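Engineer: Protein chains in written order, with this note's numbering: chain A, 236 to 501; chain B, 31 to 187.
A virtual CB, placed ideally from N, CA and C, is assigned to each residue, including glycine.
From a predicted model like this one, the values you see are computed outputs, not experimental measurements.
Before I ask anything, let me first share the structure, which is written out below as structure tokens.
Okay, structure coming up:
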């Protein structure tokens with residue numbers, strides 16, 4: 236690991252100021268991606284600004300049909316939260332299958348979503364539930380947030396503070412995990428908001444996206460057969476040693492079909 | 031940078047470079063070599079310790095992140111004369127072969143039983159996903175965790 240300066244500010248204002256003063260600063264959240272990256276010398280920030288001391292980034296609240304989760308909320312906290320398990324069980328279940336237990340005890344919602352790994356689980360929930368992402372300056376709709384491989388709408392210095400997840404009538408998430416890393420080879424979240432269907436896909440493309448053809452088919456007929464009738468084009472999909480683009484395209488359909496099956500099984 | 035942390039009940043104030051990992055503090059600064067470095071890429075779990083009571087991978091944590099925290103390592107849970115019940119279960123069930131993964135397995139297993147006392151073998155295997163045994167000796171490890179959790183599916187083979 237290269238040398239860096241380490242800071243743990245107590246407030247958002249301090250964190251932003253430290254970032255502004257740093258030659259090449261990076262924010263540190265749970266560190267479960269960033270620290271291995273630093274150890275491999277794939278990043279060399281001059282300053283690491285640890286967000287763990289900022290209370291304003293923490294906490295879970297359910298109000299007005301929305302689950303509000305502070306960006307510095309660890310995966311294990313989301314998975315265990317009685318409020319989230321009651322109001323939005325799909326999010327608790329998704330969080331409970333990220334990586335492994337030790338990773339879930341450190342990794343955070345904001346860290347995962349700011350990093351936007353193409354195979355991360357949370358982006359499927361952000362897209363599939365039509366979340367709103369808050370930073371110190373503005374709010375961003377889920378559909379405008381993910382832009383490309385590890386690229387989001389966040390500008391340099393911007394910090395995710397909170398993500399609001401609308402509560403659907405019914406929803407389910409299914410992923411095909413890489414058996415070694417537990418990252419999603421493909422993950423699909425299907426949500427039904429009073430007949431309006433959203434389908435969020437992670438793992439298949441450079442970043443999470445909506446499968447609009449599946450949404451339309453499911454709005455017409457909410458059934459596994461409707462999913463099977465849709466062609467999922469593989470153009471632009473990821474292809475690597477774990478899975479070809481063609482295989483991932485098939486997995487999108489299979490995971491969507493299983494998620495619909497889970498919802499119908501209640 | 032200067033940090034203060036409590037390890038196995040003893041408070042230490044240390045002056046370490048910013049890029050020091052928790053596992054380096056434990057092994058190199060405090061000489062507690064029961065915590066192992068297996069893969070050093072946060073896959074294998076051999077470096078698992080408890081941070082404020084929860085299992086974490088000490089190879090993927092920085093010194094600054096543990097400033098003010100309380101850490102428990104394998105040395106802090108029992109003694110050769112009075113083993114922790116999980117250590118005793120591992121011994122009784124012959125849940126180790128080469129022993130390299132054992133400290134991490136035991137630290138994670140203690141956390142698992144604490145958070146989910148009602149375990150079956152499927153839940154133990156899922157709960158130990160972050161710990162790899164290169165001897166592939168999982169069968170007896172699962173038995174040991176179940177035994178420690180009081181399940182009748184556990185016990186010596």
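(1) Residues of chain A with CB closer than 8 Å to the CB of residue 160 of chain B, please, in chain order.
(2) For residue 422 of chain A, name the three-state secondary structure that DSSP assigns.
(3) Suppose the cutoff is 6 Å on Cβ atoms and the five residues either side in sequence are ignored; what does the same chain contact list for residue 454 of chain A look like?
(4) On the CB-based measure, 16 or more other CB atoms within 10 Å of its CB, does residue 197 of chain A come out buried or exposed?
(5) Just to check my reading of the structure: residue 463 of chain A and residue 492 of chain A have Cβ atoms closer than 8 Å, yes? What is that Cβ distance to the nearest angstrom?
(6) Expressed to the nearest angstrom, what Euclidean distance is found between the alpha-carbon atoms of residue 418 of chain A and residue 267 of chain A?
(7) For residue 87 of chain B, return the contacting residues in chain A, with the cut-off set at a CB-CB distance below 7 Å.
(8) Name the residues in the region 273-295 of chain A whose C-beta lies less than 9 Å from a C-beta of chain B; which are they?
(9) For the region 50-69 of chain B, which residues have a beta carbon sitting closer than 7 Å to at least one beta carbon of chain A?
(10) Where residue 428 of chain A and residue 149 of chain B are concerned, what is the direct C-alpha to C-alpha distance, given to the nearest angstrom?
(11) With H, G and I counted as helix, E and B as strand and the rest as coil, what does DSSP make of residue 80 of chain B?
(12) Between the Cα of residue 304 of chain A and the Cα atoms of A:288, A:501 and A:357, which residue gives the shortest distance?
(13) Could you check if residue 476 of chain A is buried or exposed, using at least 16 other CB atoms within 10 Å of its CB as the buried criterion?
(14) Whole angstroms are fine: how far does the CA of residue 45 of chain B sit from the CA of residue 436 of chain A?
(15) Is there a C-beta anywhere in chain B that falls below 9 Å from the one on residue 416 of chain A?
(16) Measuring CA to CA, which of A:456, A:360 and A:450 is closest to residue 467 of chain A?
(17) Does DSSP classify residue 169 of chain B as helix, strand or coil?
(18) Verify the CB distance criterion: does residue 459 of chain A have a CB-CB separation below 9 Å to chain B?
(19) What is the DSSP secondary structure of residue 142 of chain B, reduced to helix, strand or coil?
(20) Going along the region 95-115 of chain B in order, which residues come within less than 8 Å of chain A, judged by CB to CB distance?
(21) Among the residues of its own chain, which have a CB less than 6 Å from the CB of residue 185 of chain B, if the five just before and after it don't count?
(22) Please report the distance separating the alpha-carbon of residue 364 of chain A from that of residue 326 of chain A.
(23) From the DSSP output, which residues share a beta bridge with residue 381 of chain A?
(24) So what does DSSP say about residue 344 of chain A, is it helix, strand or coil?
(25) Closer than 8 Å is the cut-off here; do at least three beta carbon pairs connect the region 308-327 of chain A with the region 271-288 of chain A?
(26) Under three-state DSSP, which class holds residue 296 of chain A?
(27) Just checking, does the region 107-115 of chain B make contact with the region 55-74 of chain B on the three C-beta pairs under 8 Å criterion?
(28) Tell me the rounded alpha-carbon separation between residue 346 of chain A and residue 352 of chain A.
(29) Can you pull the chain B residues whose beta carbon is under 9 Å from the beta carbon of residue 320 of chain A, in chain order?
(30) To test your reading of the DSSP string, which unbroken beta strand (DSSP E) runs of 3 or more residues are found completely within the region 32-110 of chain B?
(31) Within the continuous alpha helix (DSSP H) that includes residue 484 of chain A, where are the two ends?
(32) Closer than 9 Å, CB to CB, is residue 240 of chain A near chain B or not?
(33) Please report how far the alpha carbon of residue 490 of chain A lies from the alpha carbon of residue 324 of chain A, in whole angstroms.
(34) Output needed in chain order: residues of the region 244-271 of chain A with a Cβ under 7 Å from some Cβ in chain B.
(35) In this structure, does DSSP put residue 350 of chain A in helix, strand or coil?
(36) What did DSSP end up calling residue 429 of chain A once you bin it into helix, strand or coil?
Structural biologist: Let me spell this out:
(1) 334, 335, 336, 337 and 338
(2) strand
(3) 432
(4) As displayed, chain A neither begins before 236 nor continues past 501, which places residue 197 of chain A out of reach and without an answer.
(5) 6 Å
(6) 13 Å
(7) 337
(8) 273, 274, 275, 283, 285 and 287
(9) none
(10) 36 Å
(11) strand
(12) A:357
(13) exposed
(14) 46 Å
(15) yes
(16) A:450
(17) helix
(18) no
(19) helix
(20) 95 and 97
(21) 177
(22) 9 Å
(23) A:387
(24) helix
(25) no
(26) strand
(27) no
(28) 10 Å
(29) Near residue 320 of chain A there are no residues of chain B at all, since even the closest Cβ is about 14 Å away, more than 9 Å.
(30) 32-37, 40-45, 78-81, 84-87 and 100-102
(31) 480-500
(32) yes
(33) 18 Å
(34) 266, 267, 270 and 271
(35) helix
(36) coil
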